[in-house]
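Using the numbering used here, you'd call the opening residue of the sequence shown number 7 and step up by one each time. Let me begin by presenting the structure, written as structure tokens, before commenting on it.
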Amino acid sequence: MAQGVLRRPQPQWLPPPADPMFTLLLYCTEAAGASAVGMYSLLERREYTIPLPDPPISNRTWIGSSHGWIVTADDKSNLILLNPITGEQIALPPVTTMEHIKPIFNQDGVLDKYEMSYYNGLIPRVEETPYEFDLPEYREVYYKAMLSSNPSSGDCIVMLIHQPYSQLSFARVGEDHWNWIPIGLFYTDCIYHKGWFYTVSVLGAVDAFNLNGPSVVHKRILKDMLTLGYEQMYIVQSPWGDILTVNRMTIIPRNGNPEIEETELYTSDIVVYKADIGEQKLVKMTGIGDYALFIGHNTSSCLPVKDCHMLMPNHVYITDDEYLGYLSLDISDGMLEFTAWKITLSNVVSPEPWKSWLPPIWMMPNLMKTGFQDQNNGGD
């Protein structure tokens with residue numbers, strides 16, 4: 007397979023911002039080294055290597071992709087926005103400003119650990135025993151992050167789903183603290199649409215949050231819909247106007263099959279629902295027609311394939327976002343044919359070049375510059 011090195015200034019083949027024809031797969035690879043990533047272009051069916059600024063990407067994890075930016079966590083678990091195409095970075099507020107976190111210093115006064123308290127917004131407050139994390143270990147409690155807009159606009163909010171209990175916190179780019187939302191538990195995904203963040207929970211409930219005023223405005227727009235909780239529920243704004251929720255079931259095969267590694271994870275089923283807000287019900291869909299779904303740590307999206315010859319209609323393109331995916335497991339990534347009767351998995355890139363410790367992530371490139379260029383990480 008052809009491979010190139012992507013060098014700045016902007017390469018001519020890259021698209022305008024948020025062009026669905028240019029969905030890319032970003033991944034870490036041994037060949038790229040500690041300070042670069044591999045990138046696979048679905049349009050060109052070609053791999054590129056992208057050099058990235060410090061801190062080295064090998065010392066980070068990523069937990070979100072939105073508007074052409076990747077949300078990364080460094081070795082102190084501070085969050086940094088990174089545009090892999092332009093090389094710009096924006097430090098988000100330090101982890102020590104989060105509601106549930108207390109910094110712990112060693113005898114020399116150096117930050118050594120984080121202590122996380124286990125409680126939620128229910129009153130009276132009930133707290134479990136706090137737990138101490140090493141600095142890089144704490145980033146494992148981040149589930150997913152998404153942006154309200156391109157940070158280049160100068161008015162961007164980052165929503166974070168995190169432990170304890172998969173709650174929500176948000177921060178405005180350029181401010182110095184995180185804001186806890188003491189409403190709701192066990193969220194798994196979030197999107198932003200026309201001034202509102204929409205979240206979905208493990209039971210399929212959909213909440214809406216408006217963060218543009220002096221206080222948080224919350225609406226429960228769909229009650230709990232499922233009797234069993236699923237950690238991998240997604241929420242998608244469809245191009246035709248419906249809110250979709252996606253239930254992705256992942257299994258670890260039982261022992262006894264000599265052809266399957268015991269540590270491999272597999273997506274066993276995908277169920278897509280239309281959220282009928284008026285009737286307060288989920289309507290199971292039997293197909294998505296000439297559209298493709300992209301799910302994983304990226305902002306979940308549904309894209310038309312009419313003018314995108316490289317995309318398969320009625321398919322779900324997936325990358326792993328399981329918590330177990332960070333435990334050096336071999337993850338199944340690729341695309342699924344979505345029908346009412348069967349799920350068929352095939353690889354988008356074969357052989358898979360990425361490291362299993364950091365699953366790949368979907369993104370759409372963004373070439374717009376911001377006024378935050380060359381900021382370093384968030385500090386202690």
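The C-beta atom is built at its ideal place from N, Cα and C for all residues, glycine as well.
Where do the ends of the beta strand (DSSP E) carrying residue i lie?
i, result
"E134", "E134 to D140"
"T194", "Y193 to H199"
"W368", "I367 to M369"
"Q95", "Q95 to A97"
"W202", "W202 to S207"
"K229", "Here K229 belongs to no beta strand (DSSP E), and DSSP marks it neither H nor E."
"K290", "K287 to K290"
"L87", "L85 to L88"
"V212", "V212 to N216"
"Y321", "Inspection of the sequence shows that residue 321 is occupied by His rather than by Tyr. Element bounds for H321: H321 to I324."
"P109", "I107 to F111"
"I301", "Y297 to I301"
Round the Cβ separation of residue i and residue j to the nearest angstrom and send it over; I've been treating them as touching at under 8 Å.
i, j, result
"Y120", "P109", "6 Å"
"I56", "V77", "The pair is not a contact, with the Cβ atoms about 17 Å apart (cut-off 8 Å)."
"I301", "Y240", "5 Å"
"F215", "V208", "So it is not a contact: roughly 18 Å between Cβ atoms."
"H321", "K150", "No, H321 and K150 are not in contact; Cβ-Cβ is about 22 Å, not under 8 Å."
"I163", "R178", "5 Å"
"S72", "L153", "4 Å"
"I249", "A281", "4 Å"
Give the secondary structure of residue i by DSSP, where H, G and I count as helix, E and B as strand, and everything else as coil.
i, result
"T102", "helix"
"A38", "helix"
"E121", "strand"
"P157", "helix"
"R178", "strand"
"Y5", "Beyond the ends of the chain as shown, which are 7 and 386, falls residue 5; an answer cannot be given."
"S64", "helix"
"V147", "helix"
"M255", "strand"
"Q243", "strand"
"E50", "coil"
"C314", "coil"
"I163", "strand"
"I189", "coil"
"T92", "coil"
"I129", "coil"
"K82", "coil"
"D282", "strand"
"T3", "With the chain represented from 7 up to 386, any question about residue 3 goes unanswered, as that position is not in the structure."
"L32", "strand"
"G293", "coil"
"N372", "coil"
"S306", "coil"
Around the Cβ of residue i, are there at least 16 other Cβ atoms within 10 angstroms (buried) or fewer (exposed)?
i, result
"F111", "exposed"
"H251", "First, the amino acid is wrong: residue 251 is Thr here, not His. So T251 counts as buried."
"G262", "A caution first: G262 carries a pLDDT of 48, below 50, which makes its placement in the model unreliable, though a value can still be read off. By the 10 Å Cβ count, G262 comes out exposed."
"E53", "buried"
"I283", "exposed"
"A37", "exposed"
"T345", "Confidence at T345 is low in this model, with a pLDDT of 46, below 50, so the placement of that residue should be treated as unreliable; the coordinate-derived value is given next. With fewer than 16 Cβ atoms within 10 Å of its Cβ, T345 is classed as exposed."
"D230", "exposed"
"T325", "buried"
"A40", "exposed"
"E143", "exposed"
"N218", "exposed"
"T292", "exposed"
"V147", "buried"
"P100", "buried"
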